[in-house]
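Visitor: Pasting a structure below so you can have a look.
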Amino acid sequence: MTDTRDFVRDLARENAAFWRGRDVRLDPAAPPAVRREQICYRMRQGVYNELRSVELIAAWIPHVPEREIRELLPGQLDDEQRHYQLLRTRLIELGEDPDAYRPLPEWEALFDWLVACRARPTLEKLAMFQFAGETQSCEGFETLIALAQDVDPETAELYRTRILPDEYRHAAIGRRALTLLADTPGAQAQARAACGEMNAKIFAAYRAHRARADRRA
Numbered sequence: 004m005t006d007t008r009d010f011v012r013d014l015a016r017e018n019a020a021f022w023r024g025r026d027v028r029l030d031p032a033a034p035p036a037v038r039r040e041q042i043c044y045r046m047r048q049g050v051y052n053e054l055r056s057v058e059l060i061a062a063w064i065p066h067v068p069e070r071e072i073r074e075l076l077p078g079q080l081d082d083e084q085r086h087y088q089l090l091r092t093r094l095i096e097l098g099e100d101p102d103a104y105r106p107l108p109e110w111e112a113l114f115d116w117l118v119a120c121r122a123r124p125t126l127e128k129l130a131m132f133q134f135a136g137e138t139q140s141c142e143g144f145e146t147l148i149a150l151a152q153d154v155d156p157e158t159a160e161l162y163r164t165r166i167l168p169d170e171y172r173h174a175a176i177g178r179r180a181l182t183l184l185a186d187t188p189g190a191q192a193q194a195r196a197a198c199g200e201m202n203a204k205i206f207a208a209y210r211a212h213r214a215r216a217d218r219r220a
């Protein structure tokens, strides 16, 4: 059997390889005005994402019997609620309606599915959301920060200093859960399959997101 720490590192590399070049939500080659609109769209979507993340973590906490993992989740819930407020405030500053966003059916279905996963084993839940999902969020925010720097430096700074550090901590919760729980070949296969399931669903939602963004551009 692969040592759990080696397994977590290997799985992180597999996830990174899957996502290389696949985050299609932003276009680095787009003119500044188009990038600015894409970034605003991401923030409007972010308000929805953060609120749904609060919902799913609250739904999951009673279904995580492992105390050393369960006690980390209320802190993440608080972070997601704070991010929700930060993004709403920034959108208002930009003259945007933070509550006007209507999620794509694919995006709404992703969160509905995650909430419904509350009864699945802790290993699978945290492999999907904290390990695969939050790690991908970190990569996505790094890209957003780089592309926002010249067109909306205040938003770039908000993500860099107030949101991204928390996201890295959330991803670390996933790594800790896998290190503790993926301690048999069967458990490691279970975690790998859960990550693959999550990545496929996120990628399908990203493609739908980009199709909408292109229609708006």
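Residues 4 to 220 (the working numbering) are what the sequence shown spells out, left to right.
Beta carbons: idealized from backbone N, C-alpha and C, even for Gly.
How about PHE206 and GLU170: are their beta carbons less than 8 angstroms apart?
Guide: In the sequence shown, residue 206 corresponds to position 203, counting from 1. In the sequence shown, residue 170 corresponds to position 167, counting from 1. Cβ atoms of PHE206 and GLU170: not closer than 8 angstroms.
Visitor: So the candidates are ALA19, VAL67, ASP6, ALA214; which of them puts its Cα closest to the Cα of THR138?
Guide: By one-based count along the sequence shown, residue 138 stands at place 135. THR138 has its Cα closest to that of ALA19, out of ALA19, VAL67, ASP6, ALA214.
Visitor: Rounded C-beta distance between THR125 and GLU69? I'm assuming under 8 angstroms.
Guide: By one-based count along the sequence shown, residue 125 stands at place 122. By one-based count along the sequence shown, residue 69 stands at place 66. About 6 angstroms; that satisfies the 8 angstroms criterion.
Visitor: Just verifying my parser: in three-state terms, what is the DSSP assignment at GLU142?
Guide: On the sequence shown, residue 142 is found 139 positions in, with the first residue counted as 1. Looking at GLU142 - three-state DSSP - the assignment turns out to be helix.
Visitor: What span of residues does the alpha helix (DSSP H) with ASP6 cover, start to end?
Guide: Start at 1 with the first residue of the sequence shown, and residue 6 comes out as number 3. That residue, ASP6, is in no alpha helix (DSSP H); it is neither H nor E in DSSP.
Visitor: Quick check on VAL154: does DSSP put it in helix, strand or coil?
Guide: Your numbering for residue 154 matches position 151 in the sequence shown. In this structure, VAL154 counts as coil in the three-state DSSP scheme.
Visitor: Please name the residue, chosen from GLN48, GLY78, GLN41, that lies closest to ILE176 on a Cα-to-Cα basis.
Guide: Position 173 of the sequence shown holds residue 176. Cα-wise, what sits closest to ILE176 is GLY78.
Visitor: Using 10 angstroms around the beta-carbon of GLU127, count the other beta-carbons present and answer buried if the total reaches 16, otherwise exposed.
Guide: Against the sequence shown, residue 127 aligns to sequence position 124. The residue is buried, with at least 16 neighbouring Cβ atoms inside 10 Å.
Visitor: Can you have a look at ASP82 and say buried or exposed, based on whether 16 or more other CB atoms are within 10 angstroms of its CB?
Guide: As a position in the sequence shown, residue 82 is number 79, starting the count at 1. Per the 10 Å Cβ criterion, buried.
Visitor: Got a sec? Which residues, its chain only, sit under 7 angstroms from ALA61 by beta carbon, not counting five neighbours each side?
Guide: The sequence position of residue 61 within the sequence shown is 58, counting from 1. For ALA61, where only same-chain residues beyond five positions count, the Cβ hits under 7 angstroms are LEU80.
Visitor: Would you decide whether PRO101 is buried or exposed? Buried here means 16 or more other CB atoms lie within 10 Å of its CB.
Guide: Your numbering for residue 101 matches position 98 in the sequence shown. Buried, since its Cβ has 16 or more Cβ neighbours within 10 Å.
Visitor: What is the rounded straight-line gap between the Cα of ALA159 and the Cα of GLY98?
Guide: The count along the sequence shown starts at 1 and reaches residue 159 at position 156. The count along the sequence shown starts at 1 and reaches residue 98 at position 95. Their backbone Cα atoms lie some 17 angstroms apart in a straight line.
Visitor: On the CB-based measure, 16 or more other CB atoms within 10 Å of its CB, does ARG93 come out buried or exposed?
Guide: Here residue 93 refers to the residue found at position 90 of the sequence shown. Flag for ARG93 reads buried.
Visitor: Excluding five sequence neighbours on each side, which residues of the same chain lie with their C-beta closer than 6 angstroms to the C-beta of GLN84?
Guide: As a position in the sequence shown, residue 84 is number 81, starting the count at 1. Residues VAL57 of the same chain have their beta carbon placed closer than 6 angstroms to that of GLN84, with the five preceding and five following residues left out of the count.
Visitor: Is the beta carbon of LEU147 sitting closer than 8 angstroms to the one on ILE42?
Guide: Within the sequence shown, numbered from 1, the residue matching residue 147 stands at position 144. Within the sequence shown, numbered from 1, the residue matching residue 42 stands at position 39. Yes, Cβ-Cβ distance for LEU147 and ILE42 is below 8 angstroms.
Visitor: Verify whether the separation of the beta carbon atoms of PHE21 and GLN191 is less than 8 angstroms.
Guide: The residue labelled residue 21 in the question sits at position 18 within the sequence shown. The residue labelled residue 191 in the question sits at position 188 within the sequence shown. No, Cβ-Cβ distance for PHE21 and GLN191 is not below 8 angstroms.
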